[in-house]
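Protein chains in written order, with this note's numbering: chain L, 17 to 230; chain C, 17 to 230. All C-beta atoms, glycine included, are put in the ideal place defined by N, C-alpha and C.
Protein chains: 2
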Amino acid sequence: MVSKGSLAAAMRDPEKTRMRILGAAYDLVYKEGFRSTSVNDIVMKAGVTQGAFFHHFPTKNDLGYALVDEVLKDMMMERWTKPLAAYKNPVQGMIARFRKNMDDLSDEEIRSGCPLNNLMQEMSSIDPVFREKLRGVLLAWMEETERYLKKAEAEGYLRPGVDLKKASQFIVTAEVGSSGVMKNLLDRTVYYSLYESFRRYMESMSAVEILLEV
Amino acid sequence: MVSKGSLAAAMRDPEKTRMRILGAAYDLVYKEGFRSTSVNDIVMKAGVTQGAFFHHFPTKNDLGYALVDEVLKDMMMERWTKPLAAYKNPVQGMIARFRKNMDDLSDEEIRSGCPLNNLMQEMSSIDPVFREKLRGVLLAWMEETERYLKKAEAEGYLRPGVDLKKASQFIVTAEVGSSGVMKNLLDRTVYYSLYESFRRYMESMSAVEILLEV
DNA sequence: AGCCCAACATAGTGACCACTATGTTCGTCT
DNA sequence: AGACGAACATAGTGGTCACTATGTTGGGCT
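Printed below as a string of structure tokens:
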């Protein structure tokens, strides 16, 4: 009776099938773009049939929307805002994280760019539903950044008079823009250069000396 | 014999035909993206036949390359670096131009984003020829920016110790990133916010008080 | 045990795509 | 004046696309 159980586990598991599709789609869309990725590419990579695909997602666009809601948002928050909780001084955390996210990137990830930025530039102007969902991710990123700036302010790490909303919008713009520029230039020295400028900008609003352990 | 001449003017003019194709293609690619724009879309908008198109451009990709080399590059320089020549203080010029380029944008242009950024995010990772050509535009933009920073430094407008190359890379990244973020958010108040942060960053490297006439 | 429906699998289908094969026309050059 | 080639125009062509019509199968529920 062993075989039945172990085989059956892989057979009818709709939630797992859906996740396999989403996972395969995320990789392909990240690397090739949404329009350039065909449903066939996705089902081949996921190891399922087109029938399974269209059973779970009525249209290709619906898959794209699910990608943003269920995969992309967590991905971005996991990378950019969640790690800030580990730092006593959020300003120092943002500087350190900008650097770390850059150092951790593989060559292929640099070539592929920022998954949020990719989709924003490709889909925002041609599909209002995509834009709304991507806008939600971008705003959440900015709001979380602002929340950590507020925390920094409350604990005396910020100079008085800094407009936290404006600063958080600029911070996210710099982070997104850096990934976008790097995707084209493919030159890590430029990334180090952008990091140092970013650090200078962050330090200009800091009330304390920033010491970074390397 | 009047008819012959006036009609003939529009008939066999290869240079004009080529330009009509490039102009129509630029608009469509700018708004819809390169992959989403079909050759048929382009020839319809240009008012020429597919035969004419493929006579002037062997493949659709070749048209894309010509777009970058012959249209996009001039477009970007005309908008971002050429106007800096009119300012005595280039730092002030960059601040003023960031603002002016934003104010001059129509709603549709905001929705369409930065034409260079659009193509970079869409094509850089999937076509090396595109990447090289786009890279040329981006580097030219950065180098021109650096040239104006050098001019500013020579005339005493910059604080000592500013790394001009790093600063120019960050400036262009902020300009590109702002257009990219705006394309999604469609909210001019965010643009004003980004402008003020950009201005603060520029002022942090300035040796003089910046006075902007509104 | 048998029924039923979600969860797939298979095999198309029309639309659109970049591109081509081939024909025609006009200006130029001798 | 006649030839000739660049500058088009017309009508396809194979391939790919998102999507669908129609089966089949397995597990849960009575």
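Rounded Cβ spacing between residue i and residue j (contact assumed at less than 8 Å)
i, j, result
"Leu150(C)", "Leu135(C)", "6 Å"
"Glu86(L)", "Leu154(L)", "Contact flag wrong, Cβ pair sits at about 17 Å."
"Ala223(C)", "Arg147(C)", "With a Cβ gap of about 38 Å, Ala223(C) and Arg147(C) do not count as contacting."
"Ile126(C)", "Met198(C)", "6 Å"
"Ala62(C)", "Ala82(C)", "Not confirmed; about 14 Å, so no contact."
"Val107(L)", "Tyr207(L)", "Not really, about 20 Å apart at Cβ, beyond 8 Å."
"Thr189(L)", "Ser194(C)", "6 Å"
is_contact[residue i, chain C] using C-beta, thresh 8 Å
i, result
"Gly109(L)", "no"
"Val197(L)", "yes"
"Tyr217(L)", "yes"
"Asn117(L)", "no"
"Gly39(L)", "no"
"Asn77(L)", "no"
"Ile142(L)", "yes"
"Val145(L)", "no"
"Leu83(L)", "no"
"Thr189(L)", "yes"
"Glu138(L)", "yes"
"Arg113(L)", "no"
"Arg163(L)", "no"
"Glu225(L)", "no"
"Arg51(L)", "yes"
"Gly193(L)", "yes"
"Gly80(L)", "no"
"Leu201(L)", "yes"
Any chain L beta carbon closer than 8 Å to residue i
i, result
"Lys182(C)", "yes"
"Asn134(C)", "yes"
"Ser122(C)", "no"
"Gln66(C)", "no"
"Gly177(C)", "no"
"Lys47(C)", "yes"
"Phe186(C)", "yes"
"Ser222(C)", "no"
"Leu150(C)", "yes"
"Ala156(C)", "no"
"Ser54(C)", "no"
"Asn105(C)", "no"
"Val87(C)", "no"
"Leu210(C)", "yes"
One or two residues paired with residue i in a DSSP bridge
i, result
"Ser222(C)", "Leu174(C)"
Given residue i as reference, the closest of the options once Cα atoms are compared
i, options, result
"Tyr46(L)", "Ser194(C), Ile142(C), Glu191(C)", "Ile142(C)"
"Arg215(C)", "Phe70(C), Arg113(C), Ile58(C)", "Arg113(C)"
"Phe50(L)", "Gly196(C), Met139(C), Tyr217(C), Tyr208(C)", "Met139(C)"
"Thr97(L)", "Phe70(L), Met158(L), Arg115(L), Tyr81(L)", "Met158(L)"
"Asn117(L)", "Met93(L), Ala40(L), Asn105(L)", "Met93(L)"
"Thr33(L)", "Asp179(L), Thr65(L), Asp90(L)", "Thr65(L)"
"Asp43(L)", "Val59(L), Arg28(L), Arg115(L), Pro30(L)", "Val59(L)"
"Pro144(L)", "Lys89(C), Tyr103(C), Asn200(C), Glu160(C)", "Asn200(C)"
"Tyr164(C)", "Asn133(C), Gly152(C), Thr205(C), Ala102(C)", "Ala102(C)"
"Gly129(C)", "Val192(C), Ser213(C), Asp57(C), Ser220(C)", "Val192(C)"
"Leu132(C)", "Asp119(C), Glu169(C), Asp90(C)", "Asp90(C)"
"Lys182(C)", "Ile226(L), Leu88(L), Ser209(L), Asp119(L)", "Ser209(L)"
"Tyr217(L)", "Val178(L), Asp203(L), Arg28(L)", "Val178(L)"
"Lys166(C)", "Lys104(C), Glu225(C), Gly196(C)", "Lys104(C)"
"Phe186(C)", "Ala168(L), Ser213(L), Asp78(L)", "Ser213(L)"
Residue i CB to nearest heavy atom of the ligand MG below 7 Å
i, result
"Asp119(L)", "In the structure shown, the ligand MG is absent, as is every other ligand, since no ligand is present at all."
Ranges of the alpha helix (DSSP H) found wholly within the segment 49 to 137 of chain L, counting only runs of at least 4: 55 to 62, 66 to 72, 76 to 82, 89 to 96, 106 to 120, 123 to 128
Sequence ranges, alpha helix (DSSP H) only - wholly within the segment 139 to 184 of chain C, length at least 4: 144 to 170
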